[in-house]
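With my numbering, letter number 119 in the sequence shown gets 126, and the count goes up by one each step, no holes. No residue lacks a Cβ here, since even glycine has one placed at the ideal position from N, Cα and C. Everything on this sheet refers to the single structure shown next.
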Amino acid sequence: MDYNKIQKQYSKVSLWITAALYLVGLLVVQLTAHAAYISMLTISACFSVLAASVYGGAWKAIASRSPAVLGKFYLAGSLLRMLLAFLVILVYALVTKDRKAVISFAAVFMVFYLVLLAFDTIYFSKVEKNNKPITDK
């Protein structure tokens with residue numbers, strides 16, 4: 008199994024997904040004339056790219072060294088990403104202190120988070136499915 012190729016493909020596709028979400032968000036901003044959403048989109052996109060690159064690198068490191076613990080990695084990685092996402096929303100809420108802006112940010116942020124969570128699940132389930140050894144009985 009070529010871990011570098013899998014990780015590079017994961018990083019590339021997650022970057023494209025994030026860019027597509029960001030561009031769709033910018034289109035919505037243009038159509039609705041809500042310029043305040045640009046900062047929300049930018050923070051969400053930056054978190055998504057950073058989280059995906061760290062997750063992909065960590066996956067490659069664990070898969071190449073001890074693939075038997077990948078199940079625990081998926082659980083711990085998802086939990087850590089969820090906690091970091093909550094922390095980002097909390098920091099935004101503390102900085103902004105505007106209820107409507109925080110709710111809007113949380114909605115935008117969760118779109119990015121959920122789309123990439125679905126991508127992670129699908130991508131790595133396919134990787135694991137293709138990695139299972141075939142046993143003849």
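Residue i and residue j look like a contact to me (Cβ under 8 angstroms); what is the Cβ gap, rounded to whole Å?
i     : j     : result
Gly63 : Gln14 : 5 angstroms
Tyr29 : Leu57 : Wrong, their Cβ atoms sit about 14 angstroms apart, outside the cutoff.
Cα separation between residue i and residue j?
i      : j      : result
Ile24  : Tyr120 : 11 angstroms
Tyr44  : Ser21  : 22 angstroms
Ser132 : Arg106 : 38 angstroms
Ser18  : Ile96  : 24 angstroms
Met89  : Gln16  : 23 angstroms
Ala75  : Tyr130 : 18 angstroms
Ala40  : Ala125 : 30 angstroms
Leu101 : Leu34  : 28 angstroms
Tyr99  : Leu82  : 26 angstroms
Ile66  : Val115 : It is Trp, not Ile, that sits at residue 66 in the sequence shown. Distance between the alpha carbons of Trp66 and Val115 is about 27 angstroms.
Val134 : Leu87  : 21 angstroms
Ala70  : Tyr10  : 7 angstroms
Gln37  : Val31  : 10 angstroms
For the alpha helix (DSSP H) that residue i lies in, which residues bound it at each end?
i      : result
Asp105 : Unbroken run through Asp105: none, as it is neither H nor E.
Ser21  : 10-39
Ala52  : 44-72
Between the Cα of residue i and the Cα atoms of the options, which residue gives the shortest distance?
i      : options                      : result
Ser51  : Leu124, Ala92, Ile110        : Ala92
Leu123 : Asn138, Phe54, Phe80         : Phe54
Ala27  : Lys104, Ala42, Tyr10, Val118 : Val118
Ala59  : Ser85, Met8, Val31           : Ser85
Ser46  : Phe80, Thr103, Ala68         : Thr103
Leu94  : Ala68, Arg72, Ala113         : Ala113
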